[in-house]
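So the protein lines, in turn, are chains P and Z. Note that this note's numbering has the first sequence beginning at 2, numbered continuously upward. Note that this note's numbering has the second sequence beginning at 2, numbered continuously upward. Note that beta-carbon positions come from the ideal geometry of N, C-alpha and C, so glycine has one too. Notes follow once the structure below has been shown.
There are 2 protein chains.
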Amino acid sequence: MKTVSTNKTFGGSQGVYTHASTETGTEMTFSVFVPDHAPGENLPVVWYLSGLTCTHANVTEKGDFRAHCARHRLIFVAPDTSPRGEGVPDDGDAAYDFGLGAGFYVNATQGPFAANYRMRAYVEDELPALIAAEFPSDMTRQGIMGHSMGGHGALTIALRNPDRYKAVSAFAPIVSPLNCPWGEKALTGYIGADRDQWRAYDACALIKDGARLPDLLVDQGTADGFLEDQLKPELLVATCTAADQPLTLRMQEGYDHSYYFISTFMGDHLDWHAARLKA
Amino acid sequence: MKTVSTNKTFGGSQGVYTHASTETGTEMTFSVFVPDHAPGENLPVVWYLSGLTCTHANVTEKGDFRAHCARHRLIFVAPDTSPRGEGVPDDGDAAYDFGLGAGFYVNATQGPFAANYRMRAYVEDELPALIAAEFPSDMTRQGIMGHSMGGHGALTIALRNPDRYKAVSAFAPIVSPLNCPWGEKALTGYIGADRDQWRAYDACALIKDGARLPDLLVDQGTADGFLEDQLKPELLVATCTAADQPLTLRMQEGYDHSYYFISTFMGDHLDWHAARLKA
């Protein structure tokens with residue numbers, strides 16, 4: 002692991018780091034905020050998975066999370082959203098919703114993407130091992146949250162690993178890639194035409210297939226331009242209701258899909274995580 | 002005034018706007034956060050002046066001010082740091098510390114700069130008139146703060162207009178352009194070789210020449226790479242001590258010159274402003 006930068010902030014340290022990922026075969030960049038803490042003390046870890054087009058930098062700069070993480074004494078980890086670099090295949094049209102910046106937190110099985118696009122394994126396994134080794138982290142107390150594509154990532158990763166994450170939340174998540182254009186494009190490209198193979202990457206399908214979490218917090222802006230065609234929180238509500246999966250969905254009047262929305266409710270989400278990580 | 006964007010955030014509205022400035026002869030961009038408020042209600046206004054290389058966007062994205070402005074119900078205005086656009090002269094070497102992004106909050110008198118580089122008049126007079134006309138603002142309750150070059154701007158504008166600003170603070174300000182390389186370069190270029198003419202643009206000189214404010218809050222990081230050669234808070238301390246000008250200078254251990262520093266103490270500064278604007 003190489004340190005790109007560290008800055009003292011809110012009493013702790015905001016760092017940006019790179020490492021050679023064996024899963025993606027590329028150098029990956031991520032950011033970690035570590036609050037002030039006593040020597041030898043290990044702190045809970047909250048994962049934040051970003052949306053389409055983002056890198057680690059978006060939430061690191063615009064997320065307004067540090068005051069809350071300092072207050073609750075939570076480590077905050079923000080990975081990138083895809084492999085990057087020379088030789089990493091992209092969508093032929095350089096579209097924003099496939100390829101670079103759009104890894105969808107899957108292990109790709111198709112064509113040129115299978116070699117590098119292993120963001121599921123990277124976020125589920127490889128990066129947690131690095132965080133455990135390099136930071137003052139208590140990996141028995143992890144939470145996960147995300148935005149949009151990253152909300153999809155947070156929900157699906159948690160549903161597949163219910164014992165690992167004590168708190169799960171999302172901002173404007175893609176709740177069912179099986180049922181939206183972003184998801185259909187991405188999963189066809191990365192996983193192939195067999196839609197049964199997609200179910201491990203679809204929060205609603207995972208719940209229908211039996212996965213459960215103690216509870217879920219989701220915030221969704223009513224002025225989000227992707228609400229009707231891509232995000233469809235009503236599918237998650239129907240699924241959770243039918244499955245007796247506890248869900249707190251808050252429709253936030255007038256909020257859009259941007260970091261102006263995320264930052265507004267970041268404090269609520271970190272309160273939610275802190276309550277469960279420290280219980 | 003044209004609206005570039007508005008986003009609901011922290012219960013209020015973060016807007017970005019442009020207008021044709023008569024002072025600079027250019028289109029100028031600025032941002033305004035307006036908290037939630039009752040119809041007809043006018044709120045106090047805090048000005049934030051940015052540092053070298055910045056536009057309105059830096060603090061708007063990285064300043065972590067909205068939670069505090071929403072809590073205190075303060076309008077937050079962030080102007081640009083120079084005129085921009087075709088025909089606006091820049092430093093011949095496109096240096097970061099003169100010309101575009103480096104207006105130094107002066108009215109230039111020299112050479113090609115005199116026509117457009119009128120950031121003093123723009124920030125002191127033209128933009129306040131626009132804010133008064135277009136936003137639910139109580140212009141009898143204004144505060145001003147800034148960072149680095151913008152800290153210099155905030156201090157000097159307030160010292161020249163002691164009746165207008167009820168609260169004044171700065172993050173890592175340039176306290177004496179007469180006594181640092183950034184200031185000497187900028188004021189020579191904009192104002193000319195007669196250093197007596199610079200005194201209106203030097204916080205220490207203004208205080209020595211009799212200007213007073215009720216109090217000043219300054220935060221300065223001890224790990225700031227510009228501390229010794231450019232910022233020199235000790236000059237402000239000596240000047241304020243000799244002049245009985247109240248000053249609260251806080252040396253913040255381990256903090257640098259970045260927005261990681263500014264955002265950490267933004268809440269303290271807005272508490273300071275709110276206490277004086279609502280007194």
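| message | Would D37(P) and M267(P) be called neighbours here (beta carbons separated by less than 8 Å)? | response | For the 8 Å CB-CB criterion, D37(P) and M267(P) do not form a contact.
| task | Please confirm if T10(Z) has its CB atom under 8 Å from at least one CB of chain P. | result | Yes, because at least one Cβ of chain P sits closer than 8 Å to the Cβ of T10(Z).
| field | Contact set between Q246(P) and chain Z, taken where Cβ atoms lie within less than 9 Å | value | Residues of chain Z passing the Cβ test: none, with the nearest at roughly 29 Å.
| query | With 8 Å set as the bound, which would you pick, yes or no: does the beta-carbon of T56(P) sit closer than that to a beta-carbon of chain Z? | reply | Cβ-Cβ to chain Z under 8 Å: no for T56(P).
| task | Helix, strand or coil for V146(Z), going by three-state DSSP, please let me know. | result | The sequence shown places Met at residue 146(Z), rather than the Val named in the question. If DSSP states are grouped into helix, strand and coil, M146(Z) belongs with the strands.
| message | Can you give me the C-alpha to C-alpha distance between V5(P) and I76(P), rounded to a whole angstrom? | response | Going from the Cα of V5(P) to the Cα of I76(P) covers about 18 Å.
| task | Could you confirm whether any beta carbon from chain P is found closer than 8 Å to the beta carbon of S264(Z)? | result | True, the Cβ-Cβ gap to chain P drops below 8 Å.
| query | If we cut at 8 Å on Cβ distances, does G255(P) have a partner in chain Z? | reply | Yes - at least one Cβ of chain Z is within 8 Å of the one on G255(P).
| message | Against chain Z, does Q111(P) count as a neighbour if the rule is that its beta carbon must be under 8 Å from one of theirs? | response | Chain Z, which has no Cβ nearer than 8 Å to the Cβ of Q111(P), makes this no.
| If you measure beta-carbon to beta-carbon, which residues of the stretch 56-71 of chain P are closer than 8 Å to chain Z? | Correct list: E62, K63, D65, R67 and A68.
| query | Where are the alpha helix (DSSP H) runs, 4 residues long or more, that stay fully inside the stretch 99-137 of chain P, in chain order? | reply | Runs found: 128-135.
| query | Opposite A266(P) in the DSSP bridges: which residues? | reply | Strictly speaking, residue 266(P) in this sequence is Phe, with Ala absent from that position. Its beta-bridge partners do not exist; DSSP assigns none.
| request: Taking all protein chains shown into account, decide if Y261(Z) is buried (16 or more other Cβ within 10 angstroms of its Cβ) or exposed. | output: Buried is the call here.
| query | Can we say the stretch 88-102 of chain Z touches the stretch 5-19 of chain Z, given the rule of at least three CB pairs closer than 8 Å? | reply | No contact exists between the stretch 88-102 of chain Z and the stretch 5-19 of chain Z.
| said: Do L207(P) and T157(P) count as a contact pair if the criterion is CB distance below 8 Å? | reply: A contact, by the Cβ cut-off of 8 Å.
| field | Exposure of A79(P), with buried meaning 16 or more beta-carbon neighbours within 10 Å | value | So A79(P) counts as buried.
| query | Y261(P) CB to nearest chain Z CB: under 8 Å? | reply | Closer than 8 Å: yes.
| query | Any contact of the stretch 212-231 of chain Z with the stretch 172-189 of chain Z, i.e. 3+ C-beta pairs under 8 Å? | reply | Counting Cβ pairs under 8 Å, three or more are found: they touch.
| said: Check this for me: beta carbons of D257(Z) and D216(Z), under 8 Å apart or not? | reply: In this structure, D216(Z) does not lie closer than 8 Å to D257(Z) by Cβ.
| Got a sec: is the Cβ-Cβ distance from A224(Z) to anything in chain P below 8 Å? | Closer than 8 Å: yes.
| task | Assign A68(P) to one of three DSSP states: helix, strand, or coil. | result | Note: A68(P) maps to helix in three-state DSSP.
| Sequence-distant residues of the same chain with beta carbon closer than 6 Å to S32(P), five excluded per side | V17, H57, T61 and A79, listed in sequence order.
| Are any of the Cβ atoms in chain Z nearer than 8 Å to that of Q15(P)? | Chain Z has a Cβ within less than 8 Å of the Cβ of Q15(P).
| field | Three-way DSSP call (helix, strand, coil) for E28(Z) in this model | value | Under the three-state reduction of DSSP output, E28(Z) falls in the strand class.
| query | Would M120(P) pass as a contact of V47(P) if the rule is Cβ separation under 8 Å? | reply | In this structure, M120(P) sits away from V47(P), with a CB-CB distance that is not shorter than 8 Å.
| Hey, out of A212(Z), M252(Z) and G88(Z), whose CA is closest to T223(Z)'s CA? | For the options A212(Z), M252(Z) and G88(Z), the alpha carbon positioned closest to that of T223(Z) is the one of M252(Z).
| What are the start and end residues of each continuous beta strand (DSSP E) run of 3 or more residues lying completely inside the stretch 176-262 of chain Z, in chain order? | Within the stretch 176-262 of chain Z, the complete beta strand (DSSP E) runs of at least 3 residues are 218-222 and 249-253.
| So, using beta-carbon positions, are R200(Z) and D210(Z) closer together than 8 Å? | Taking 8 Å as the cut-off, the Cβ atoms of R200(Z) and D210(Z) count as close.
| said: Here's the rule: buried if 16 or more other CB atoms are within 10 angstroms of the residue's CB, otherwise exposed. What is R213(P)? | reply: Burial call: exposed.
| field | N-terminal and C-terminal residue of the alpha helix (DSSP H) that T61(Z) is part of | value | Unbroken alpha helix (DSSP H) run through T61(Z): H57 to K63.
| field | For L53(Z), the three-state DSSP class (helix, strand or coil) | value | Here L53(Z) sits in coil by DSSP.
| Residues sharing a beta bridge with H20(Z), DSSP | DSSP output for H20(Z) lists M29(Z) as bridge partner(s).
| Reduced DSSP secondary structure (H/G/I, E/B, other) of D139(P) | Looking at D139(P) - three-state DSSP - the assignment turns out to be strand.
| request: Can you tell me the Cβ-Cβ gap for A204(P) and H153(P), rounded? I've got them flagged as a contact below 8 Å. | output: Going by Cβ atoms, the distance from A204(P) to H153(P) rounds to 7 Å, so yes, they are a contact pair.
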